[in-house]
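In our numbering, the protein residues as written are 421 to 996. To start, the structure itself, in structure tokens.
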């Protein structure tokens, strides 16, 4: 009986032990599966977070690089190019002004030489020595002015170069500060994102730890319950199984703790790696900015040096041209002095003494002296060749509808009113022009025009074949050899470009001499017996038909000047 009870107790103990072990193992496996799933989920979340972090870093790197490129390109290219273009425009304008000054000076010197030669040949009241000293002083003055302008231009070059260097330095500092601010802002953004992600991970880890703790408490409670229920029946076997289960549980907890520690270390390493990546990005961007700024600086310095070299060459060319012109002018003056000194020495002295004496005479004597000087001038120009003092008559069929021709055909005035006239192919329709009836193909011809006190006029000759319709430009290339007065103060030879004339006082009577054999047309101030300008008629122009005397009352002003232009007649004695 006792043996049977022992067998039953032993069998019951084994059964209870087996059931307890199976139950605990089943619960433990289930808990381990849940913990494994949570750990696996956490690892996936960590991997996804790491992938997202790498992608965000790549996107930030790309965006920063694009923003840096755009910022550098916009700031460096836009600001520097704009400053550079403005500086170049100012320098080009200064060089253009210098060229125009040089051109005007050259024209003025040539005109002065022509006037000197004409004055010497026509026995004017000034001596060769006075004219030479005047020209030399003018040359010295012009040379001094050009030297000052060149010095000012060089100073402007240096100031512009220094300004450009300062602007480049300021732009470089500004870009560095802007890059540092951008990197700092992005770093703060990344740190904020990482802190947020770490906070979420910490919360998940805390939740997992709480689950572990709850599971541990539940397991301890279950073990206590089993131990209490089986204490009397199982004894040592239950205690050993309990110790075994506790050992396994501690081992599993140790593994889980190690995995948690490994995960925390991975998070710390990832955070450190992120900081290093951000630092690397900052360093790379800063180096790239420095390289870009240095390359742009070298490029701009190269362009600046190239432009400075070109400007220096242009200045050197201008200086050489001025020196050559000065040498040529001196040589021409020496030749004129040598050629005319013996020939005109006595004549100049006689004219000088006669002028000094005439200054003490009455007004009538002065007028007679001027008339005699004019006659001598004309005789010197025309020589012994017979010339025609033609009776110039205006052709009303060529006159603009606003012009009125007198009955005798010698006067023309601006009425200010456009009259209705039948269409005529000979008539000028866009400018206040009129031509003479008769033209010339050979010989020498002279006529005089009284312009009075008119503030605007134009006189000369024109080819018979000139265009009569539409807008025209007065110049020899278009078949017009003309001088003009504008606003009563500017006297011009209508060349291309126009040539300014040096005139003493106001012109009131103009003499026009057409020398077809010599292919020249000259203009004179009749009262002062001074040559104003001489055109050379190009080869082939005489083959285009006749040369017709040309007249114009000037620009079509809103308030017309009604004083007429008058062709002065010559007497029979003059023709002889």
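Think of the CB as a built atom: it goes at the ideal place given N, C-alpha and C, for glycine as much as any other residue. Only a predicted model underlies this, so the values are computations on that prediction, with no experimental measurement involved.
By alpha-carbon distance to residue 572, the top candidate from 514, 972, 990 is 514.
In the three-state scheme derived from DSSP, where H, G and I count as helix and E and B as strand, residue 563 is classed as helix. For residue 979, there is no enclosing beta strand (DSSP E), as DSSP marks it with neither H nor E. Three or more Cβ pairs closer than 8 angstroms define a contact, and the segment 876–884 meets that threshold against the segment 892–900. Restricting attention to 812, 871, 937, the CA atom closest to the CA of residue 862 is found in 937. Taking every protein chain shown into account, the CB of residue 836 has fewer than 16 other CB atoms within 10 angstroms, so this residue is exposed.
For residue 718, the closest of 624, 585, 689 by C-alpha to C-alpha distance is 585. Residue pairing by DSSP places residue 957 in no beta bridge whatsoever.
Annotated three-state conformation of residue 827 is coil, per DSSP. Secondary-structure assignment with DSSP links residue 919 through a beta bridge to 913. In the three-state scheme derived from DSSP, where H, G and I count as helix and E and B as strand, residue 833 is classed as strand.
Under the three-state reduction of DSSP output, residue 880 falls in the strand class.
In this structure, DSSP gives residue 471 a helical state, which the three-state scheme calls helix.
Going by C-alpha positions, residue 589 is about 58 angstroms away from residue 925. Residue 859 sits close to residue 966, with the two beta carbons spaced by under 8 angstroms.
Three or more Cβ pairs drawn from the segment 970–988 and the segment 823–831 lie within less than 8 angstroms of each other, which places the two stretches in contact. For residue 862, no beta strand (DSSP E) encloses it, and the DSSP letter there is neither H nor E. Judged by DSSP in its simplified three-state form, residue 969 adopts strand. Boundaries of the beta strand (DSSP E) harbouring residue 987: 985–988, taken from the DSSP string.
Counting C-beta pairs closer than 8 angstroms gives three or more between the segment 816–823 and the segment 842–858, which meets the contact rule.
Taking the C-beta atoms as reference points, residue 973 is found nearer than 8 angstroms to residue 823. With respect to the 8 angstroms criterion, residue 852 and residue 834 are classified as neighbours on the basis of their beta carbons. In this structure, DSSP gives residue 692 a helical state, which the three-state scheme calls helix.
The Cβ atoms of residue 948 and residue 905 do not sit closer than 8 angstroms to each other.
Secondary structure of residue 619 (DSSP, three-state): helix. Residue 941 sits in a strand when the DSSP states are folded into three classes. Looking only at 981, 695, 813, the smallest Cα-Cα distance to residue 970 is reached by 813.
Pairing residue 975 with residue 932, the inter-Cα distance amounts to about 22 angstroms.
Comparing C-alpha distances from residue 593 to each of 706, 869, 892, 625 shows the shortest one belongs to 706. Within its own chain, no residue has a Cβ closer than 6 angstroms to the Cβ of residue 684 once the five positions on either side in sequence are excluded. Distance from the CA atom of residue 674 to the CA atom of residue 715, rounded to whole angstroms, is 60 angstroms. The straight-line gap separating the alpha-carbon atoms of residue 560 and residue 553 is approximately 10 angstroms.
For residue 517 and residue 576, the gap between their C-alpha atoms comes out near 14 angstroms.
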